[in-house]
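Here's the structure we're looking at; comments come further down.
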Amino acid sequence: MEQLLVIGERVVIFSVLVSALYALVALGFTMIFGVGRVLNLAHGAFLMVGAYTAWFAQRAGVDLYLAAALAVLVCTLLAVALYQGLIRHVQHSVIITLIATLACALLLEEIIKIFFTTTPQILQPFISGSIVLHQTTIISNRVLAFVASWVAIVLFWLFVHRTRWGKVILATAQDQEGAALVGINVRHVYTVTWALSGALAGLAGVFFASWVNLSPFMWRDPLIISFAIVVVGGLGSLKGSIIAAYLIGFLEVLMTYSPSIKFCADYRCFEFLGASWVGVPSLIMLVLILFLKPSGLFGRAHE
Amino acid sequence: MSLRTFKLILLALTVVALGVIGPYLPPKWATTVTFAQLFAIYSIGWDFLSGMTGQISFGHIFFVGVSGYTAGLLNMYLKWPLWATIPTGMVLAMLMGLLFSVPALRLKGPYFSLVTLILPLAAARLVIILGDWTGGELGKFGATPLCPIQQFVFDFRMNQLCNYYIIWGVLALMALGLIWLASTRIGKILEAIRENEEAVEAAGINPAKYKIFAFAVSALVVGFGGALSVHLNEGVFFNALLSLTTSTEMIVASVIGGMGTILGALWGGLLIRIGEQGMRDLAHGIGVPELEKWATFVFFSLLLVFLFVARLGLFPLIAKLRRGKGV
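Chains A and B, in that order, are what the protein sequence lines are. Using the numbering used here, the letters of the first sequence correspond one by one to residues 1 to 303. Using the numbering used here, the letters of the second sequence correspond one by one to residues 1 to 327.
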């Protein structure tokens, strides 16, 4: 009983922490989808590029705060380059856009493999040490990631709802042609959303590295997380995204710490639930919601 | 000359060419072309569903995985012989295709593609969870070799050519079948669905029925390849059976060759695998072995270029020549 309480406490604390990061991971992805109707399958790869940029700069002796800023910058430029150089020309076809962005993600994976090999790398934390809360030990860097994620989300919300540029973006998301009619340069708006999305991905990548190791395959999980959050939370709904992020984050953490049931036969064992099941709940939830309620739990109906 | 006759002549030429060069290939290249032919089976299978109907599947490697792991595990643990494992794997892949096609086809465009992207990722989790049986990410050695001769005499060269011609025969049969199917009424309806689904419905045809059929056929063909690959590799290996890169390369092959043409996808498939090996050789030949790592990179870049400048692919260019000559 005592032990179960400890596990419960751990699950609650960790899921609160990681879910904020998940919300940040999905933010840029949701925005591009909401504004331009583009599903950017290279979003996870942007995160990876951000994390690797910070790692590379850090290895070269750059201060981590500066390295993080560099990661944000590189991802912003990469996103704008991808939009201007490629997506802009194929955006009219949904399928071509999907193939093109997936190809970009795999290209970036190849580049990372070529230059940094497949060996997992560790990004040194911003702040070392850990905090003990009741019976749970928390790595300080993850608390920082949590705080930074919320700050970024709140700033983003303020930008969208309180500034002129934000309103322009919202208007474009609602009705592209209407926005063009009142004199908004839609192409500029798209460029700005891609730049913002890249910046958010770069930041998310740096903090994502506080939970996972860096590897050329690390882009897949954030992409699935983003996609699951968009589908569960509904298209273009920030509130929905955050709720979805917490739902998915909670299920993931629950899996990591849940006790597993072992079935064995001939010295070979099958574990039901437990750490090897991480990622399964979001996949199942994703498929179920896509099949049963494709507009998401909080989204507006499809046009 | 009808387009079908034209395609069949070109297919015959391709198949004969592959058949003739077999014994003359140096050992390394014989293996490369064997695997290239195997990959071409995947890409024509993909093309029959996605190229023809325009429903782009990102996760066709899932069917390779389902069939491959089924065949491999049945063979390794229950000692089923080859003639039982391969059909069982194929049928299971087809059933999975049917099972997922029904709900998946209710989804439009990008949602469909994304669900298909999730299938191999989910399967990969399952393989890792059942790691004690499947060998997890490392894989497991010990399946019966594809070539039956090897059980009696072991001769490397003969074994290699035997594998080569088994895959060659299957590829030829599958390509023939798919090109024939594509030229029947069913194929015409599938193409019409790609162009305008509403119009097909308005003509009193139920598009869902045809898409489900295409899904099942596609899964069956790709599953055949998957089951063969397990016996060719003599084991179940994660990288051969559930790699997302291979899954996307099927799209690359088809886009380069010409989507929805089957024959184009076959050429594209051969081109990618042979081209990759060619580039590796070239990198070693010019004394810069580091360059060989760039092979996959080059093909994904090529995909982007084709998406940009020649979205129709190679086959339609050649088909245009036929019309130009006025045959």
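C-beta atoms are modelled at their ideal positions from N, C-alpha and C, and glycine is treated no differently. This one's a predicted model, so the numbers in the text were calculated from it and none came from an experiment.
Query                                                                                                                                : Result
Beta carbon proximity, VAL232 (chain A) to chain B, threshold 8 Å                                                                    : no
Reduced DSSP secondary structure (H/G/I, E/B, other) of LEU25 (chain B)                                                              : coil
Limits of the unbroken alpha helix (DSSP H) element including LEU171 (chain B)                                                       : 156-183
Partner residues on chain B for CYS269 (chain A), Cβ-Cβ distance less than 8 Å                                                       : ASP132
Nonlocal neighbours in the same chain, by C-beta distance under 6 Å from PHE39 (chain B), ignoring five residues either side         : GLY269, ARG273
Beta-carbon proximity of THR248 (chain B) to ALA100 (chain A), cut-off 8 Å                                                           : no
Cut-off 8 Å between Cβ atoms - residues of its own chain near ALA51 (chain A), not counting five sequence neighbours on either side  : ALA71, LEU123, GLY205, VAL206, PHE208, ALA209, LEU214, MET218
Touch test, the region 114-130 of chain A against the region 55-67 of chain A, Cβ-Cβ under 8 Å, three pairs minimum                  : yes
The region 133-149 of chain A / the region 4-18 of chain A touching (three or more Cβ pairs under 8 Å)                               : yes
Per DSSP, the bridge partner or partners of PHE112 (chain B)                                                                         : DSSP, once it has assigned bridges, lists no residue as partnering PHE112 (chain B).
Span separating the alpha-carbon of GLY274 (chain A) from that of VAL253 (chain A)                                                   : 10 Å
Distance between GLY54 (chain B) and ILE284 (chain A) (C-alpha atoms, nearest Å)                                                     : 26 Å
CB of SER101 (chain B) within 8 Å of CB of ILE212 (chain B), strictly                                                                : yes
Nearest-angstrom Cα separation, counted from THR5 (chain B) out to PHE141 (chain B)                                                  : 44 Å
C-alpha gap between PRO218 (chain B) and LEU312 (chain B), whole angstroms                                                           : At residue 218 (chain B) the sequence reads Ser, which differs from the Pro that was named. Computed Cα separation, rounded: 21 Å.
Buried or exposed (CB count within 10 angstroms, at least 16 for buried), GLN3 (chain A)                                             : exposed
Cut-off 6 Å between Cβ atoms - residues of its own chain near VAL338 (chain B), not counting five sequence neighbours on either side : Absent from the structure is residue 338 (chain B), since the part of chain B shown begins at 1 and ends at 327.
Distance, PRO145 (chain B) Cα to TYR83 (chain A) Cα                                                                                  : 48 Å
Proximal residues of chain B, C-beta to C-beta of SER276 (chain A) below 7 Å                                                         : ILE128, ILE129
Within-8 Å CB hit, VAL327 (chain B) to chain A                                                                                       : Because the pLDDT of VAL327 (chain B) is 39, which lies under 50, any placement of that residue in the model is unreliable, and the number read from its coordinates should be weighed accordingly. It does not: the Cβ of VAL327 (chain B) has no partner Cβ on chain A nearer than 8 Å.
When B:PRO103, B:ALA310, B:ALA227 are compared against LEU292 (chain A), the one with the closest alpha-carbon                       : B:PRO103
Amino acids of chain B, ordered along the chain, whose beta-carbon sits closer than 8 Å to that of ILE96 (chain A)                   : LEU307, ARG311
Residue-level contact to chain A via CB, SER125 (chain B), 8 Å cutoff                                                                : Residue identity check: residue 125 (chain B) is Arg in the sequence provided, not Ser. Judged by the 8 Å Cβ criterion, ARG125 (chain B) is in contact with chain A.
Every unbroken alpha helix (DSSP H) within the region 56-92 of chain B, with a cutoff of 4 residues, ordered by chain                : 61-77
Sequence ranges, beta strand (DSSP E) only - wholly within the region 93-149 of chain B, length at least 3                           : none
Through-space distance from VAL186 (chain A) to VAL66 (chain B), alpha-carbon basis                                                  : 45 Å
Inter-residue Cα distance where the pair is TRP157 (chain A) and GLU109 (chain A)                                                    : 31 Å
Close beta carbons around ILE13 (chain A), own chain, < 7 Å, minus the five adjacent residues each side                              : LEU133, THR136, ILE138
Whole-angstrom distance between ALA182 (chain B) and PRO316 (chain B), CA atom to CA atom                                            : 16 Å
Option nearest VAL154 (chain A) by Cα separation, candidates A:LEU286, A:VAL16, A:LEU238                                             : A:LEU238
Of the listed residues A:GLY178, A:PHE146, A:VAL168, A:PHE270, nearest to VAL16 (chain A) (C-alpha basis)                            : A:PHE146
Collapsed DSSP secondary structure at PHE152 (chain B) in the structure displayed                                                    : coil
Neighbour-count burial assignment, CYS264 (chain A), 16 or more Cβ in a 10 Å radius                                                  : exposed
Cβ-Cβ distance between LEU27 (chain A) and LEU200 (chain A) below 8 Å                                                                : yes
Entirely enclosed beta strand (DSSP E) segments - the region 150-183 of chain A, minimum 3 residues                                  : none
Option nearest LEU266 (chain B) by Cα separation, candidates B:SER2, B:LEU10, B:LEU3                                                 : B:LEU10
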